[in-house]
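In structure tokens:
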């Protein structure tokens with residue numbers, strides 16, 4: 264079940280090709296049942312990028328609250344809960360959409376392509392995180408200010424939504440309306456899960 268360097272590289276290249284709309288790129292993924300379950304292991308490759316985003320988020324919170332006159336010690340006291348809550352949220356989010364979609368697949372006409380769609384969705388997350396990871400590194404290194412970090416995050420969100428749309432179109436073989444619906448469902452579930460864990464660990 265372990266992920267090999269070759270599979271990681273090949274799947275990332277194939278994910279990029281899917282984003283460009285190349286249907287033949289699907290042949291580069293392991294679309295077997297074993298490949299389906301193994302694609303969920305990608306979450307462990309995501310953890311360093313995710314923790315970096317949490318460090319960046321905490322730095323932004325610290326910067327903002329210090330500007331508001333709040334004490335640094337008071338802000339830092341919630342750091343552990345932030346990491347616990349966000350990490351749990353990531354794992355729950357990682358499996359919730361595939362489970363919900365498995366229930367809906369037959370009714371929305373993607374039962375045949377459900378497996379490839381989830382496989383590509385999982386693998387593509389590695390590429391999806393890269394632009395924001397670069398921004399976080401630049402911010403934490405002091406190369407760009409917080410205002411620029413926030414401003415540049417918006418076009419990245421748009422790119423992520425487009426990437427997800429392309430995955431639904433190419434891997435899920437969905438029409439435009441279904442693809443848009445899947446992107447919205449994925450986004451709404453992520454927001455709800457994140458907000459729930461934020462309240463739970465506030």
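Numbering (our numbering), first residue to last: 264 to 465.
Every residue gets a Cβ at the ideal spot worked out from N, C-alpha and C, and that includes glycine.
As the structure is a computational prediction, the values presented were derived from the model and not from experiment.
Hey, how far is the Cα of residue i from the Cα of residue j?
i           : j           : result
residue 315 : residue 350 : 12 Å
residue 305 : residue 389 : 8 Å
residue 335 : residue 437 : A caution first: residue 335 carries a pLDDT of 49, below 50, which makes its placement in the model unreliable, though a value can still be read off. Roughly 49 Å between the two C-alpha positions.
residue 364 : residue 375 : 12 Å
residue 272 : residue 303 : 16 Å
residue 441 : residue 371 : 8 Å
residue 439 : residue 464 : 38 Å
residue 458 : residue 284 : 33 Å
residue 462 : residue 310 : 22 Å
Going by alpha carbons, who is nearest to residue i out of the options?
i           : options            : result
residue 386 : 357, 376, 345, 408 : 357
residue 412 : 320, 274, 354, 421 : 320
residue 422 : 404, 445, 394, 444 : 394
residue 452 : 359, 325, 268      : 359
residue 277 : 267, 289, 266      : 289
What do you reckon, are the CB atoms on residue i and residue j nearer than 8 Å?
i           : j           : result
residue 392 : residue 312 : yes
residue 454 : residue 384 : no
residue 449 : residue 427 : yes
residue 481 : residue 407 : Since the displayed the chain opens at 264 and closes at 465, residue 481 lies outside it and no answer follows.
residue 398 : residue 415 : yes
residue 456 : residue 366 : no
residue 294 : residue 379 : yes
Under DSSP, the alpha helix (DSSP H) around residue i begins and ends at which residues?
i           : result
residue 297 : 296-302
residue 406 : Run containing residue 406: none; DSSP gives neither H nor E here.
residue 388 : 377-391
residue 270 : 268-282
residue 461 : 439-463
Less than 8 Å between the CB atoms is what I'm expecting for residue i and residue j, so what's the real figure, rounded?
i           : j           : result
residue 409 : residue 353 : So it is not a contact: roughly 23 Å between Cβ atoms.
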